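Notes follow the structure.
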Amino acid sequence: MTVDEKRRQKMLARKRKSHAARKPVPQQPRNAQPLPPAPLLPIHAALATKNLFAKGIGMLALARKLPDGQVAMATFVVDVYCLGVKRARSGILSADEWAAFAQRLDLEAIDPGCLRKLIEGAVAYARDLGFAPHADYARAAALFGNIDAATCAQRYTYGKDDKPLYVSGPEDTPAQSRHILETLTRRLGTKGFHFLTAGDPQHAGLSGEVTGPLTVCSYEITDQPIPDAAFDRLPAEVQERINALYPKVLKSRPREALAEVRVLIEQYPDIAQLYNYLYAACHNMGEHAEAARVREETVQRFPDYLFGRIAWAEDCLSRGETARIAEIFEHKLDLRLLYPDRVRFHLSEVLGFQSILARYFHAQGKQELAQKSYDLMCEIDPKHPSTRLVRSTLHPSRLGRWLREKLLRP
């Protein structure tokens, strides 16, 4: 470095120091502003996810009114089956922001004493298993103030079927799952807990040291027809006729199959499967506007129909609206969470669902999670069109990458 350059660097350093001395102290962000003591603030609302103990995980929120009309809030994402408080947050919202937040999450009112009792009970249960609450839990829990949990007569039982149940969430990495399962195994033994994952124990990240006869709470993947009450009530000949339509609607330009599906829908309008066939036939005929109309009608008539949700998610992916995927599946990116009463899924359901998840995670930059979905698809059917589609997305060939770059280049 020359002498002139050294002099210039020293001058710049003095200038930066001078500016820093004159720079005003920045204001604290809204969620870091000190709050008045909680007992001095009236309770504005106490809310909880509906049917929390049936779902296993959900949100609880406490709000207190500030003198200026704003709302001090604390939220807790609570796993009542195993992990306790997974996330905690506190801050200040305007009254309108709080109202929009509460409405968006569709929460129900809960007694403040019961809210505190439920949360602290979940934390104690998880601590006993070896899991600490979220790092921001203490700060958020300070808003409890003088709320007395002893006033709540409700009794809360944590775990599932008398044992902890760890549900491998969509954002859990294999390393995180492995740590949780090994912690549970050290504390309770291999038969002392359940866990839920969409595959065998290896997909949960189990190490070689934890290969005993774990009790796996999972779902079965089958190629046999899944019972459906409405479909099963149909005459046998009608069932055979509908089943025979499946390969026909998948063909290019299935004009005859399209006409037959429409006739069957007029006769049997309560069979969700027929609307799925109608959507596929319209799509393969190139009638995209009609296919979109059928998709919307399917979701409205059969909101719990998995293939209707998958078609909706496919449309969102094609238009780059990846943020809507979690909403379509109620933020439950696991089939057993989405359908807790089912223990068996058809392989086409699993492949379709995992295909959506893999591309969703890929778009979100969560490649490890995308790979988990793809690995499961490969185990089920590595040559299935859905598996091949995900493979080309996650692991494009050199030619595929070149074409994609050419197409996306402005």
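In case it helps, UniProt numbering puts the sequence shown at residues 1 to 410.
We put the CB at the ideal spot given by N, CA and C, even for glycine.
A quick note: this is a predicted structure, and the numbers were derived from the prediction, not measured.
Assigned exposure category for residue i - 16 Cβ within 10 Å defines buried
{"i": "residue 396", "result": "exposed"}
{"i": "residue 117", "result": "buried"}
{"i": "residue 251", "result": "exposed"}
{"i": "residue 259", "result": "exposed"}
{"i": "residue 94", "result": "exposed"}
{"i": "residue 390", "result": "buried"}
{"i": "residue 288", "result": "exposed"}
{"i": "residue 286", "result": "exposed"}
{"i": "residue 298", "result": "buried"}
{"i": "residue 323", "result": "exposed"}
{"i": "residue 229", "result": "exposed"}
{"i": "residue 40", "result": "exposed"}
{"i": "residue 90", "result": "buried"}
{"i": "residue 263", "result": "exposed"}
According to DSSP, residues forming a beta bridge with residue i
{"i": "residue 418", "result": "Nothing can be reported for residue 418, as the shown portion of the chain is limited to 1 through 410."}
{"i": "residue 320", "result": "For residue 320, which the question treats as bridged, DSSP gives no partner whatsoever."}
{"i": "residue 307", "result": "Partner(s): none; residue 307 has no beta bridge."}
{"i": "residue 160", "result": "163"}
{"i": "residue 220", "result": "344"}
{"i": "residue 356", "result": "DSSP, once it has assigned bridges, lists no residue as partnering residue 356."}
{"i": "residue 43", "result": "64"}
Spatial neighbours of residue i in its chain, beta-carbon cut-off 8 Å, leaving aside the 5 residues before and after
{"i": "residue 78", "result": "52, 57, 58, 59, 60, 84, 85, 86, 118, 119 and 122"}
{"i": "residue 131", "result": "82, 83, 84, 180 and 183"}
{"i": "residue 261", "result": "245, 249, 274, 277, 278 and 281"}
Reduced DSSP secondary structure (H/G/I, E/B, other) of residue i
{"i": "residue 362", "result": "helix"}
{"i": "residue 88", "result": "strand"}
{"i": "residue 79", "result": "strand"}
{"i": "residue 166", "result": "strand"}
{"i": "residue 117", "result": "helix"}
{"i": "residue 395", "result": "coil"}
{"i": "residue 71", "result": "strand"}
{"i": "residue 390", "result": "helix"}
{"i": "residue 144", "result": "helix"}
{"i": "residue 109", "result": "strand"}
{"i": "residue 479", "result": "In the structure as shown, the chain starts at 1 and stops at 410, and residue 479 therefore has no counterpart that could be examined."}
{"i": "residue 151", "result": "helix"}
{"i": "residue 49", "result": "strand"}
{"i": "residue 413", "result": "In the structure as shown, the chain starts at 1 and stops at 410, and residue 413 therefore has no counterpart that could be examined."}
{"i": "residue 93", "result": "strand"}
{"i": "residue 62", "result": "strand"}
{"i": "residue 57", "result": "strand"}
{"i": "residue 226", "result": "coil"}
{"i": "residue 271", "result": "coil"}
{"i": "residue 373", "result": "helix"}
{"i": "residue 277", "result": "helix"}
Same chain, Cβ closer than 6 Å to residue i, neighbours up to 5 away in sequence not counted
{"i": "residue 386", "result": "351 and 355"}
Residue nearest to residue i in terms of C-alpha spacing, selected from the options
{"i": "residue 291", "options": "305, 301 and 276", "result": "276"}
{"i": "residue 82", "options": "140, 162, 65 and 99", "result": "162"}
{"i": "residue 335", "options": "296, 301, 373 and 319", "result": "373"}
{"i": "residue 378", "options": "90, 348, 75 and 248", "result": "348"}
{"i": "residue 153", "options": "140, 130 and 110", "result": "110"}
{"i": "residue 472", "options": "128, 126, 75 and 365", "result": "A question about residue 472 goes unanswered here, because the residues of the chain that appear run from 1 up to 410."}
{"i": "residue 177", "options": "368, 156, 312 and 389", "result": "368"}
{"i": "residue 69", "options": "265, 143, 168 and 97", "result": "97"}
{"i": "residue 124", "options": "156, 55, 341 and 147", "result": "156"}
{"i": "residue 344", "options": "236, 226 and 376", "result": "226"}
{"i": "residue 234", "options": "272, 302 and 254", "result": "272"}
{"i": "residue 44", "options": "144, 188 and 174", "result": "144"}
{"i": "residue 168", "options": "195, 318 and 158", "result": "195"}
Neighbourhood of residue i by C-beta distance below 7 Å, restricted to the same chain and skipping five residues each side
{"i": "residue 370", "result": "358, 361, 362 and 394"}
{"i": "residue 115", "result": "46, 48, 60 and 62"}
beta-carbon residue i near the ligand NAP non-hydrogen atom, thresh 8 Å
{"i": "residue 172", "result": "Of the ligands one can find in the structure shown there are none, so the ligand NAP has no counterpart to examine."}
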